[in-house]
Amino acid sequence: MTQGTPVRAAEPEPAFSMQVTPTRLVVPAAGTSEHRFDVTNKGRETFQVTVEKSDFVAGESGAMRFQPGAPHAAAAWAEVEPAQVTVPPGETRPVTLRVVVPESPEPGDHQFAVIFKVPAAKTTANIRINRGIAAPVFVTVPGAIDRSAEVADLQAPGFVLGGPVPITARIRSTGTAHRDFRGLERLKIQAGGSELPFPDFTVVRGATREVAATWDPPLVCFCDVTVAVPGGNTRTVQVVVFPLHLVVALVAVVMGGVLIWVVVRHRYRRRVESAARELAGSRSRV
163 MTQGTPVRAA
173 EPEPAFSMQV
183 TPTRLVVPAA
193 GTSEHRFDVT
203 NKGRETFQVT
213 VEKSDFVAGE
223 SGAMRFQPGA
233 PHAAAAWAEV
243 EPAQVTVPPG
253 ETRPVTLRVV
263 VPESPEPGDH
273 QFAVIFKVPA
283 AKTTANIRIN
293 RGIAAPVFVT
303 VPGAIDRSAE
313 VADLQAPGFV
323 LGGPVPITAR
333 IRSTGTAHRD
343 FRGLERLKIQ
353 AGGSELPFPD
363 FTVVRGATRE
373 VAATWDPPLV
383 CFCDVTVAVP
393 GGNTRTVQVV
403 VFPLHLVVAL
413 VAVVMGGVLI
423 WVVVRHRYRR
433 RVESAARELA
443 GSRSRV
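The opening residue of the sequence shown carries number 163 in the numbering used here; numbering runs sequentially from there.
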């Protein structure tokens, strides 16, 4: 390092930062099974985690809404240990999840969430806000497993002046198990001869998920925008991309140029006519 080279100071670690791995679990239904979560403290302060389990329903944004007795619930099949754990800075503590599948359950997905909650300290307004992470757990019971899904709706503006163009799709689960659209299986948009993927997402059994992406279209385009679920249905909307503002600006420039030419031409003709009259007058006096 040469003298005078500025050195960027390392950003300080936050007071609170918790990481839970894995972020979700897919559990094969095989009687009784045990699984491990790791809770890591990446902050500067020790915290105490309370571990709970809850049934949930999935909102269209993908957020989990905790609801006892939700459809396809499985929280009653699970136990977590320990229920509370203290994690010093820079250290990791394990939490064990034990799943006991009852006899003759309905085939397909049954789901619940493991919730890791840390009570927050009081703020200056004497308000406490809990901090937490919820990891979904899918217990897949063998049998008639169907991961079907369909495009319930596809939205894009019918006319735009240019990009980026927002595209929104609602994907509905029609099967008996969750469906992942991740990695190589990401859901894709076909638009104007190009292909672009939606972000990774999962559709939970019986739920509908809304996903969005943006498309950079060509300058002028009368394009079909299509989303197709492999093994499911297809929806298409048409988007007209026409830079009307640029056309208006171009017409304004052309009209301005024509107006200037007309004014200059008119003044030139007046000068020529004036000079001709003066010349005619001088000849008549001679």
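Glycine included, every Cβ here is placed at the ideal spot set by N, Cα and C.
As the structure is a prediction and not an experimental result, all values here were calculated from the model.
Sheet register partners of residue i (DSSP bridge)
| i | result |
| --- | --- |
| Asn-203 | Met-180 |
| Val-365 | Arg-341 |
| Trp-377 | Val-327 |
| Arg-198 | Thr-258 |
| Pro-190 | Thr-302 |
| Pro-359 | Lys-350 |
| Val-211 | Val-247 |
| Asp-386 | Gln-400 |
| Ile-333 | Val-313, Arg-371 |
| Gly-294 | Lys-279 |
| Val-322 | Val-403 |
| Asp-308 | Beta-bridge pairing links Asp-308 to no other residue. |
| Val-219 | Arg-227 |
| Gly-270 | Val-303 |
Cβ-based burial, residue i [other Cβ within 10 Å; buried from 16]
| i | result |
| --- | --- |
| Asp-378 | exposed |
| Trp-239 | buried |
| Met-163 | Annotation note: pLDDT 49 at Met-163 (below 50); position unreliable, no value reported. |
| Asp-200 | exposed |
| Gln-210 | exposed |
| Phe-321 | exposed |
| Gly-368 | buried |
| Pro-318 | In the sequence on display, residue 318 carries Ala and not Pro. It counts as buried. |
| Asp-271 | buried |
| Tyr-430 | exposed |
| Pro-273 | Looking at the sequence itself, residue 273 is Gln, so the reference to Pro does not match. By the 10 Å Cβ count, Gln-273 comes out buried. |
| Ile-307 | exposed |
| Thr-338 | buried |
| Val-261 | buried |
| Arg-344 | exposed |
| Ile-351 | buried |
| Ala-353 | buried |
| Leu-259 | buried |
| Arg-427 | exposed |
| Val-413 | exposed |
| Ala-415 | A small fix is needed here, since residue 415 is Val in this sequence, not Ala. Exposed, by the Cβ-count rule. |
| Val-420 | exposed |
| Ala-245 | exposed |
Given residue i as reference, the closest of the options once Cα atoms are compared
| i | options | result |
| --- | --- | --- |
| Gly-205 | Gly-221, Ala-240, Val-249 | Val-249 |
| Phe-449 | Ile-307, Arg-332, Gly-231, Gly-325 | Nothing about residue 449 can be reported from this structure: the residues present for the chain run from 163 to 448 only. |
| Arg-334 | Pro-190, Val-182, Gly-224 | Gly-224 |
| Glu-312 | Ala-339, Val-391, Leu-381 | Val-391 |
| Pro-264 | Ala-275, Gly-354, Ser-195 | Ser-195 |
| Val-366 | Arg-227, Ala-191, Lys-215, Thr-212 | Arg-227 |
| Pro-230 | Pro-244, Thr-364, Glu-222, Lys-215 | Lys-215 |
| Val-219 | Phe-300, Val-188, Arg-427 | Phe-300 |
| Leu-381 | Leu-323, His-340, Met-417 | Leu-323 |
| Gly-221 | Ala-232, Val-257, Gly-393 | Ala-232 |
| Ala-296 | Thr-398, Val-213, Thr-396, Arg-397 | Val-213 |
Straight-line gap, residue i to residue j (C-alpha atoms, nearest Å)
| i | j | result |
| --- | --- | --- |
| His-197 | Thr-376 | 39 Å |
| Phe-384 | Arg-348 | 26 Å |
| Asp-342 | Gln-400 | 27 Å |
| Arg-255 | Thr-202 | 7 Å |
| Leu-316 | Lys-279 | 37 Å |
| Arg-433 | Val-424 | 14 Å |
| Gly-325 | Gly-193 | 53 Å |
| Ala-237 | Val-373 | 27 Å |
| Ala-177 | Ser-266 | 48 Å |
| Thr-302 | Thr-185 | 17 Å |
| Glu-175 | Glu-207 | 10 Å |
| Pro-251 | Val-182 | 14 Å |
| Asp-217 | Val-403 | 45 Å |
| Ser-179 | Leu-187 | 22 Å |
| Ala-235 | Pro-328 | 35 Å |
| Ala-282 | Pro-405 | 52 Å |
| Glu-241 | Gly-355 | 51 Å |
| Pro-190 | Ile-277 | 20 Å |
| Pro-304 | Pro-269 | 6 Å |
| Thr-336 | Ser-310 | 5 Å |
| Thr-388 | Leu-358 | 11 Å |
Residue i at chain D interface by Cβ criterion, 8 Å
| i | result |
| --- | --- |
| Ser-266 | The structure shown contains no chain D; it is built from a single protein chain. |
Beta strand (DSSP E) runs contained entirely in the region 226-252, provided each spans 3 or more residues: 226-228, 240-243, 246-249
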